[in-house]
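Quick note on numbering: the sequence shown equals residues 193 to 682 in the working numbering. Glycine residues also receive a C-beta, built at the ideal position from the N, C-alpha and C atoms. Bear in mind the structure is a predicted one, so any value in this text is a computation, not a measurement. Presented below is the structure to which this report refers.
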Amino acid sequence: MTTLRAGRRLPAGSRNRPRAARQDRPAPGLSESLSMPFVLGLFVFSITQPYLFNFGGFIMAPYRVLLMIMLVPLGLNWISGRYGGFILPDFLVLGHMLWMPVCMVVNGQGAGMPVYVFSQFIDIVGGYMLGRAAIRNKDDLVFFTRCLLTVLLILLPFAALESLRGIMLLNDIAQKLPLAEPHHRSTLSYPPRFGMLRAQTATPHPILYGITSAMAFSLGWLVLPHGRKPVTGKAGRLRWLGGSLGGSFFALSAGGWMNVMMQIGLMCYNRMFRGIGARWKLFLWGFAAFYVFLIFYSERPPFVVLSRLVALDQETAWFRFLIYQYGSAEVARHPIFGMGLFTDYIRPAWMIPSVDNHWLLQAMRWGWPGFLMLLGAAFYPVIKLGLKDFRGNAMLSDLRYAMIFAMVPYYVSMATVAVWNIQYSLIMLMMGACAWLIRAEPDPSVAETAETAEPEAQEERAPRSRFTRFPGRAAARRAARADRAPPARR
Numbered sequence: 193m194t195t196l197r198a199g200r201r202l203p204a205g206s207r208n209r210p211r212a213a214r215q216d217r218p219a220p221g222l223s224e225s226l227s228m229p230f231v232l233g234l235f236v237f238s239i240t241q242p243y244l245f246n247f248g249g250f251i252m253a254p255y256r257v258l259l260m261i262m263l264v265p266l267g268l269n270w271i272s273g274r275y276g277g278f279i280l281p282d283f284l285v286l287g288h289m290l291w292m293p294v295c296m297v298v299n300g301q302g303a304g305m306p307v308y309v310f311s312q313f314i315d316i317v318g319g320y321m322l323g324r325a326a327i328r329n330k331d332d333l334v335f336f337t338r339c340l341l342t343v344l345l346i347l348l349p350f351a352a353l354e355s356l357r358g359i360m361l362l363n364d365i366a367q368k369l370p371l372a373e374p375h376h377r378s379t380l381s382y383p384p385r386f387g388m389l390r391a392q393t394a395t396p397h398p399i400l401y402g403i404t405s406a407m408a409f410s411l412g413w414l415v416l417p418h419g420r421k422p423v424t425g426k427a428g429r430l431r432w433l434g435g436s437l438g439g440s441f442f443a444l445s446a447g448g449w450m451n452v453m454m455q456i457g458l459m460c461y462n463r464m465f466r467g468i469g470a471r472w473k474l475f476l477w478g479f480a481a482f483y484v485f486l487i488f489y490s491e492r493p494p495f496v497v498l499s500r501l502v503a504l505d506q507e508t509a510w511f512r513f514l515i516y517q518y519g520s521a522e523v524a525r526h527p528i529f530g531m532g533l534f535t536d537y538i539r540p541a542w543m544i545p546s547v548d549n550h551w552l553l554q555a556m557r558w559g560w561p562g563f564l565m566l567l568g569a570a571f572y573p574v575i576k577l578g579l580k581d582f583r584g585n586a587m588l589s590d591l592r593y594a595m596i597f598a599m600v601p602y603y604v605s606m607a608t609v610a611v612w613n614i615q616y617s618l619i620m621l622m623m624g625a626c627a628w629l630i631r632a633e634p635d636p637s638v639a640e641t642a643e644t645a646e647p648e649a650q651e652e653r654a655p656r657s658r659f660t661r662f663p664g665r666a667a668a669r670r671a672a673r674a675d676r677a678p679p680a681r682r
């Protein structure tokens with residue numbers, strides 16, 4: 193016997209089957225297959241390579257070679273919609289890149305435009321597209337987290353050697369490779385802090401090593417418990433996070449230390465006030481009130497006050513404020529097309545020309561349009577994930593917070609340093625990796641089971657009695673149980 197429903201013939205009794213049994217595919221983002229493990233693993237492993245190749249002014253590092261090879265197939269797959277369609281940051285990232293050559297031509301820098309724009313296209317768009325392609329479900333994110341933490345554990349002994357003994361072993365090995373140019377030895381260029389040197393390991397600068405190590409902290413703490421082989425317990429997770437915490441420490445950079453402290457603070461706040469639905473609105477309003485308080489009652493701008501609170505060197509904090517002042521003046525003078533790939537800007541002669549603020553540097557180079565497109569691409573995933581309703585699904589909620597807590601402190605750290613090399617591609621990969629989680633929805637069958645099982649469980653726990661003051665309610669419960677009982681077989 194069959195039953196006709198919605199133009200299809202279904203086997204008899206199918207109406208009584210659980211909805212989960214009739215589902216053919218898992219909810220978006222919840223599949224258990226790795227998308228591009230080999231390419232993703234190679235990209236993360238390239239963090240350990242402290243050298244580059246210079247081909248007539250075109251700089252090629254190992255990660256850039258990989259992204260250049262993958263750029264065309266990734267782009268074609270994205271155009272065909274194979275990565276879950278399109279989201280707004282896709283077009284903001286491309287718009288940011290297309291605005292670069294326009295600004296350079298307007299500023300008379302067309303001669304050096306092809307080489308620079310192509311290299312930036314590989315780093316920015318290539319990293320972003322790799323995130324869209326290689327991290328498309330929970331298992332991909334777990335795999336990426338394990339790879340990143342493993343790489344940081346590998347680098348930790350080299351960081352300790354650099355910081356405690358001043359021996360840059362990775363840099364020494366890179367100097368012996370043919371055609372390779374090792375990164376500048378920034379570790380030996382800075383005075384000691386707390387009796388130790390600032391380790392850079394395989395990165396171009398200690399602060400880049402610090403913020404890269406710090407970013408992995410919340411990923412390891414919140415993502416690893418949801419792998420196929422869950423890492424549970426504080427001790428188990430701390431073993432995996434040794435490279436993250438150790439790398440952040442040996443970099444001896446306020447950017448890395450502040451990054452870790454922000455992540456710990458956000459996770460503690462989220463856990464302590466998890467019973468309050470509007471906890472993040474209260475948090476944002478509280479921070480806004482504190483910032484306004486500093487504006488009216490502090491002798492210095494809030495930016496300077498906050499910078500000096502977290503800075504390990506008060507002189508660098510004051511220099512960053514001066515950079516912000518003179519850099520903002522250049523943005524006001526060049527609001528649309530910026531200054532392009534400038535080599536200097538109006539400043540006192542005793543100030544160094546570097547701009548230790550990635551966001552300000554983008555505004556100075558590409559004007560307000562280029563800056564706002566990059567800023568929108570960075571914060572759109574954070575806002576969308578923050579607005580997602582994952583109540584009742586601990587896994588998706590933890591993955592969402594892991595991404596937000598990893599990215600937002602990294603964005604804050606980018607206000608203290610200009611990010612380049614693989615560290616730029618890494619944060620672009622994180623932006624692209626949010627796309628699947630934005631579209632992920634909890635399994636409806638699980639939600640349905642929870643909703644229907646809870647009243648029954650409450651009813652089973654209720655005391656039974658033949659005598660009651662509410663005979664109508666008792667009769668209604670007996671009728672409900674009779675309706676839910678399976679039909680007797682004949």
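Separation of residue j from residue i, as counted between CA atoms
i           : j           : result
residue 230 : residue 273 : 22 Å
residue 314 : residue 356 : 36 Å
residue 433 : residue 619 : 19 Å
residue 644 : residue 411 : Bear in mind that the predicted position of residue 644 carries a pLDDT of just 38, short of 50, making it too unreliable to give a figure here.
residue 365 : residue 627 : 39 Å
residue 509 : residue 499 : 6 Å
residue 568 : residue 533 : 22 Å
residue 445 : residue 328 : 33 Å
residue 427 : residue 348 : 18 Å
residue 519 : residue 587 : 43 Å
residue 617 : residue 259 : 9 Å
residue 403 : residue 271 : 33 Å
residue 515 : residue 548 : 7 Å
residue 513 : residue 396 : 24 Å
residue 277 : residue 491 : 50 Å
residue 401 : residue 394 : 8 Å
residue 350 : residue 507 : 29 Å
residue 322 : residue 624 : 7 Å
residue 575 : residue 380 : 40 Å
residue 462 : residue 474 : 12 Å
residue 523 : residue 298 : 15 Å
residue 478 : residue 485 : 11 Å
residue 325 : residue 468 : 36 Å
residue 459 : residue 405 : 17 Å
Same chain, Cβ closer than 8 Å to residue i, neighbours up to 5 away in sequence not counted
i           : result
residue 367 : 374
residue 185 : Outside the shown range of the chain (193 to 682) lies residue 185, about which nothing can therefore be said.
residue 382 : 389, 390 and 398
residue 521 : 538
residue 359 : 353
residue 481 : none
residue 316 : 285, 288, 289, 616, 617 and 620
residue 582 : 588, 589, 592 and 634
6 Å Cβ shell around residue i - same chain, five flanking residues per side excluded
i           : result
residue 483 : 494
residue 413 : 429
residue 216 : Confidence is the limiting factor: at residue 216 the pLDDT is only 42, short of 50, which leaves the residue's position unreliable, though a coordinate-based value still follows. Here the set comprises nothing.
residue 251 : 244
residue 254 : 238 and 241
residue 279 : 627
residue 585 : 634
residue 305 : 293 and 296
residue 450 : 502
residue 598 : 407, 410 and 411
residue 438 : 348
Residues sharing a beta bridge with residue i, DSSP
i           : result
residue 465 : Per DSSP, none; premise fails for residue 465.
residue 246 : 251
residue 373 : 244
residue 388 : 385
Residues near residue i by beta carbon distance below 7 Å, same chain, minus five either side
i           : result
residue 226 : 331, 332 and 335
residue 447 : 399, 402, 403, 605, 608 and 609
residue 553 : 547 and 610
> Counting pairs of beta carbons, one from the stretch 448 to 462 and one from the stretch 415 to 423, are three or more of them closer than 8 Å?
Replying inline: Under the three-pair Cβ rule at 8 Å, the stretch 448 to 462 does not count as touching the stretch 415 to 423.
> For the stretch 252 to 277, which segments carrying the alpha helix (DSSP H) assignment without a break, of at least 4 residues, lie completely within its bounds, in sequence order?
Replying inline: As far as the stretch 252 to 277 is concerned, its whole alpha helix (DSSP H) runs of at least 4 residues are 254 to 271.
> So does the stretch 325 to 337 actually touch the stretch 281 to 291, counting three or more Cβ pairs closer than 8 Å?
Replying inline: Between the stretch 325 to 337 and the stretch 281 to 291 there are fewer than three inter-stretch CB-CB distances shorter than 8 Å, so the stretches are not counted as touching.
>> I'd like to know if the stretch 527 to 547 and the stretch 556 to 572 are in contact, where contact means that at least 3 CB-CB pairs between them fall below 8 Å.
In response: yes
> If we count Cβ pairs, one from each stretch, closer than 8 Å, do we get three or more for the stretch 339 to 347 versus the stretch 235 to 255?
Replying inline: yes
> Would you say the stretch 594 to 610 touches the stretch 301 to 314, given that touching needs at least three Cβ pairs under 8 Å?
Replying inline: no
>> Which runs of the beta strand (DSSP E) at least 3 residues long sit entirely within the stretch 414 to 487? Give them in chain order.
In response: none
>> What ranges does the beta strand (DSSP E) occupy inside the stretch 289 to 326, keeping only unbroken runs of at least 3 residues that lie completely in it?
In response: DSSP runs (the beta strand (DSSP E)) wholly in the stretch 289 to 326: none.
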